[in-house]
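Here's the structure, in structure tokens; my notes come after.
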Amino acid sequence: MEGILEGSVPPGSYTLLQCRTVRIGSYKVVPKEPVIISSLGVRIAVPCTDDENESVPITVDLGEVVKALIYFGRGRGIPVIFLYTLPAVGARVRATLNMDDDTRPYFDPSSADETQRWITLLPESLQEDSKVALKTIFGPLDNVLSELDKEKANDILVRTSPKVRRKVGNRCTDLLTGLVVTIIRSTPLNRPCPSIYHPGADGIQPSEAGQAGLEPWAPASRLETSLTWQLPADTFLLPCTILAS
Numbered sequence: 011m012e013g014i015l016e017g018s019v020p021p022g023s024y025t026l027l028q029c030r031t032v033r034i035g036s037y038k039v040v041p042k043e044p045v046i047i048s049s050l051g052v053r054i055a056v057p058c059t060d061d062e063n064e065s066v067p068i069t070v071d072l073g074e075v076v077k078a079l080i081y082f083g084r085g086r087g088i089p090v091i092f093l094y095t096l097p098a099v100g101a102r103v104r105a106t107l108n109m110d111d112d113t114r115p116y117f118d119p120s121s122a123d124e125t126q127r128w129i130t131l132l133p134e135s136l137q138e139d140s141k142v143a144l145k146t147i148f149g150p151l152d153n154v155l156s157e158l159d160k161e162k163a164n165d166i167l168v169r170t171s172p173k174v175r176r177k178v179g180n181r182c183t184d185l186l187t188g189l190v191v192t193i194i195r196s197t198p199l200n201r202p203c204p205s206i207y208h209p210g211a212d213g214i215q216p217s218e219a220g221q222a223g224l225e226p227w228a229p230a231s232r233l234e235t236s237l238t239w240q241l242p243a244d245t246f247l248l249p250c251t252i253l254a255s
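Under my numbering, the residues of the sequence shown are numbered 11 to 255, in order.
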């Protein structure tokens, strides 16, 4: 990766991505530096699991990337990149980040738990030159690059979002990491206000006129506690955190 800084890697064969969130398996972080994706591989500087003040580089050689699933975003769309790697990358990353307990944040590409298998990047945006670079880097590789539509990208994002076990009273509940919203009416009601999950993890906000790159609402069939309501015109959405039922 030093070749990028030294200028030995030609322009167009790398891109720097400022990411709002990175997930390495179930380990969710805000990277302190731009993520580098180049013809050499991927480099992510992340806080160590046992010391957030210590930043360590995670590197994946290009030949270790098995699949690169990318939603490039459309208009105001929010792009997302999913990377699936060889199992050897998992062992190396776990050693680097001191991941020694799979009940805590963990990364293992061979795991049966889908939340632990992927490296997920959520860039702030993807400029045209970055899109070209990503296609140039991953496109020539045999069956590695797949372009996603927003529905498929949102589905994968929901399925790979880790759940956190939290104890409330005398019972444990699952809390889906990411945004959760409560429906609030502008006029008081005498009946309980329904609450629904927002599957857009990692800070993906509901968009105006439903034009977000990742669909703000997952299909009802994918949510354990989902219900369908016809919302009145005076309904608005307030970001908050609630527990799953």
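Glycine included, each C-beta is placed from N, C-alpha and C at the ideal position. These figures come from a predicted structure and were not determined experimentally.
Bridge-paired residues (DSSP) for residue i
i    : result
Y81  : V90
I129 : I34 and L93
V75  : T95
S48  : Y24
Range covered by the beta strand (DSSP E) that runs through residue i
i    : result
S156 : L155 to E157
A122 : Where A122 is concerned, there is no enclosing beta strand (DSSP E), given that its DSSP letter is neither H nor E.
T69  : D61 to D71
P57  : G51 to C58
Boundaries (first-last residue) of the alpha helix (DSSP H) holding residue i
i    : result
R104 : P97 to L107
T146 : E138 to F148
Three-state class that DSSP yields for residue i in the structure shown
i    : result
L27  : strand
E43  : coil
A222 : With a pLDDT of 34 at A222, under the threshold of 50, the predicted position of this residue should be treated as unreliable, and no value is reported.
S205 : Legend: pLDDT at S205 = 42, less than 50; position of this residue unreliable, no value from coordinates given.
P198 : In this predicted model, P198 has a pLDDT of only 44, less than 50, meaning its place in the structure is not dependable; the value taken from the coordinates is given anyway. Coil, per DSSP.
D112 : coil
Residues near residue i in its chain [Cβ-Cβ closer than 6 angstroms; skip 5 each side]
i    : result
K141 : F82
S120 : P97
Same chain, Cβ closer than 7 angstroms to residue i, neighbours up to 5 away in sequence not counted
i   : result
S49 : V19, S23, Y24, L72 and I147
Pairwise C-alpha distance: residue j and residue i
i    : j    : result
P150 : I47  : 15 angstroms
A105 : L27  : 25 angstroms
Y116 : R33  : 10 angstroms
P89  : S156 : 14 angstroms
L131 : T31  : 6 angstroms
I54  : V39  : 11 angstroms
C29  : E138 : 16 angstroms
E134 : P67  : 20 angstroms
V75  : Q126 : 16 angstroms
Cβ neighbours of residue i in the same chain (closer than 8 angstroms, five flanking residues each side left out)
i    : result
E64  : P57 and C58
D159 : Y81
V154 : V75, V76, K77, A78 and F148
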